[in-house]
Every structure is written in C-alpha cells, then in structure tokens.
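The C-terminal residue of the sequence shown carries number 189 in numbering that gives the first Met the number 0, and the numbering is unbroken. Input: a single structure, listed below in structure tokens.
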Amino acid sequence: MKLNILPGSLARRAAGKYIRKKSYAGSRNRKITNWAEVKSIAFLVDGHDPAALRMLLNQLHAYAQKGKKVHIFGYVKKLPPFEEDGIYWFTNKDLNWAGLPKPSVLKALNIQTYDLLINTAEIKVSTLHYLSALSHATLRIGPYAEEWAECYDFMIIQDPGETVPELLKKAEYYLSTFNKQYAPVHGTTD
C-alpha cells in the first residue's frame, strides 16, 4: 500500500500541529480594540511584487503619519526588492522545513505586543499565516480562508479583484464600529 502524501500537505499538517501546541496561538481570549484606540500595528507583507508593495507601503506609512506606530514584516523567497523603509525582511533561509519561521524571526516580531497585526498577503503565502498565528499581537486580522481560521482572531472576506488598500479600509471600518456606544435607534424612547 502506497501513501500519496504530498510534501506540502505533510509540511502544512506538521506546522498546524506545532501551532496548535502553542498556548497563545490558539487563544481566543483576544481583546478587540476600537480603531481610535489602536496605537501599534504590525503588518505582514509579501515582497514578491515590488510595484504592488511600493503602493502598499505608501498607505502603511500614512498610518504612521496619523500617529500609529507601524512595524512592517516582509517575506520574500530570496532577496528583498528594496531594503529601505524600515521593513524587517525574512527569506526561505529563515524558515524551517515546514515553512515555520525560525526563532530569530519570531523574536523580532514578538519584541513587543502589538495592538493589531494585519496580514496583507495573498491567501497562498502560508508562511505569513504561520507568523500571524505565532505572534503575541492583541488582535490578529487576515483575509478570509477557512483553512487558516486558527491563525486569526478576525478574518475579512476579500471580494474578487479587491485590492489590499480596500481590505485595509474594511478593517478600519469594522474596528471603528467595535466597542462603540451606540445612540438609541431613531424613534425609540427610554
């Protein structure tokens, strides 16, 4: 009897098992913070398309101009497209056989606890999903994909053709509605 297990499938199962062992990774006792109260944000970015990355960085730096502390962690297979802009880059050399980040990457990410961690990469970039799951961020947000639900506290559906800046606007909108004191509905009395 021959088993047909693909190496990628085996690696994904091993990584998933490792992540589930971590007490903070599976914790659902996360705090949802209103957007106005968010002070620090960590962004996970994919550096494979330099033009798209440059446009995304412009938006991320706009958050810094609005008073948010922005930290960017980028993943590329071999060489970063550019090294300025204060991005912490990691490559395949910084991963183990299952695609999990090595301790040096986790240490860089978990030096501080961020109020918010947002994965801006496409769903197929599994390494950034793993990094999200292993982070100590107060709230982890990513694009909706059922197979990666254990890596996030809040997932946002991305419509076909929707860009990352539109995804970030959705995240801002949803976070700005959380924990708000709503006024009574029009026409009701106390």
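The C-beta atom is built at its ideal place from N, Cα and C for all residues, glycine as well.
Per the DSSP secondary-structure output, Ser-39 pairs in a beta bridge with Lys-68. The beta carbon of Gln-58 sits closer than 7 Å to those of Pro-164 and Leu-167, all from its chain and outside the five residues before and after it, given in chain order. For Leu-130, the uninterrupted alpha helix (DSSP H) run begins and ends at 125–132, by DSSP. Here the alpha carbon of Glu-145 sits roughly 20 Å from the alpha carbon of Asp-45. Note that the C-beta distance between Val-37 and Leu-115 is below 7 Å.
Unbroken beta strand (DSSP E) stretches of 3 residues or longer found wholly inside the stretch 60–117: 68–74 and 86–89, given in chain order. When rounded, the separation of the alpha-carbon atoms in Ala-132 and Ala-51 is 25 Å. The C-beta distance from Cys-150 to His-128 rounds to 5 Å, short enough to fall under 8 Å. Between Ile-40 and Lys-68, the alpha-carbon positions lie close to 6 Å from each other.
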